[in-house]
Structures are given as structure tokens and as C-alpha cells.
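Colleague: This is the structure I want to talk about, given as C-alpha cells.
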Amino acid sequence: MGDFQDTVDRVEIEALRGEYTDAAMMRDYDRLALLFTPDGALRMPNIPAELEGQEAIRAWGRRVPDFVDFLVQNTHPGIIRLDGDTASGRAYMSEVGRTRDGRGGLNYAIYHDRYQRTGDGWKFAERVYEVRYEDTSPLAGSPPRAAEGS
């Protein structure tokens, strides 16, 4: 493939990573699951969660509101290495959030990714979340609450 196709592939993979963050922030786990290949895996050892396949990812997402009060996730671009119809890469994360039981914190992490070109575009074949820094100090702030009567 030529340089133009490499550029297109990189833009499409970056869009996939952005779509993932948007789906997570909007709690749209049906959409998030579809960003993976049918047998794709989402691994988050710190939680711990080992999710294999779109339905496992979707089912886990349905439970997230039961234990997560809020989560703000920011993705920072990382490397993408293309290899034909597969690719690998990393995306860097900063997150702040709080669980329903009041535990909160800030972390910085890396997603180690494997991507697969499909008939529907690039998808995650595997996404592994590695926390590099975690601050579990009580959060000083909170999400804004709707004004009374609105």
C-alpha cells in the first residue's frame, strides 16, 4: 500500500480511538462493543475485567452505571504501527472518576491496542488497559448538578 493509504489508515484508527472515548463518556456500550471485532477483547487488569467478544463488552457496559457515578476520560494520541490489514498502537489516557461507593481518583494509563481492518473499517482486536499512575485521594470537586426546577 502506498503512502496515501497509510495516511488514511492512521486517520481511521485515530477516529476509532476517538469513537471509543466518546462511547465510554456517553455510556453507549452498545456502540462501544461494535468498535471491536466479534471476538475482540477488552482487558482491564486493574479493575479486574477480562472481556472477550462484543456481547461480553456490551453486558459489562450495562452494569457500569451500577458502580460508576461518573468518569471523565481524555485520550491523547500515541503511536500507530501499520502492517497491512492489522496494526498495533498505544493511546495515552488521563481519567478522573468516582464509584457509587464514594471511591474516586485520578489516573494516567496506556491502552495497548491491536487493530484489524474489516469490511466495516478498522476495529479493535484487543485493547489492554495499563494504569501507570493512580491517585486515590478524595476528589475535591464533583460533577455539576442540575439546577433546581430545571
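Just so you know, the sequence shown maps onto residues 1 to 150 in the UniProt record's numbering.
Backbone N, C-alpha and C define an ideal beta-carbon position, used for all residues, glycine too.
May I have the straight-line CA-CA distance separating ASP101 from THR136, to the nearest angstrom?
Modeller: Each residue's alpha carbon lies about 13 Å from the other.
Colleague: What runs of the alpha helix (DSSP H), each 4 residues or longer, lie entirely inside the UniProt domain "SnoaL-like" (9-127)?
Modeller: Within the UniProt domain "SnoaL-like" (9-127), the complete alpha helix (DSSP H) runs of at least 4 residues are 29-34, 54-67.
Colleague: Would you check if the segment 31-38 and the segment 113-129 touch, i.e. whether three or more CB-CB distances between them fall below 8 Å?
Modeller: Contact holds: three or more Cβ-Cβ distances are below 8 Å.
Colleague: I'd like to check one pair, VAL131 with ARG43: are the Cβ atoms closer than 8 Å?
Modeller: Against a cut-off of 8 Å, the Cβ pair of VAL131 and ARG43 comes out as no contact.
Colleague: Taking the alpha carbon of residue 163 as the point to measure from, which residue in ARG117, THR118, MET93 has its own alpha carbon closest?
Modeller: The structure shown does not extend to residue 163, since the chain spans only 1 to 150, so no value can be given for it.
Colleague: Only counting the same chain, and skipping five residues up and downstream in sequence, which positions put a Cβ closer than 7 Å to that of GLU50?
Modeller: Cβ neighbours of GLU50 beyond the five flanking positions: ARG43.
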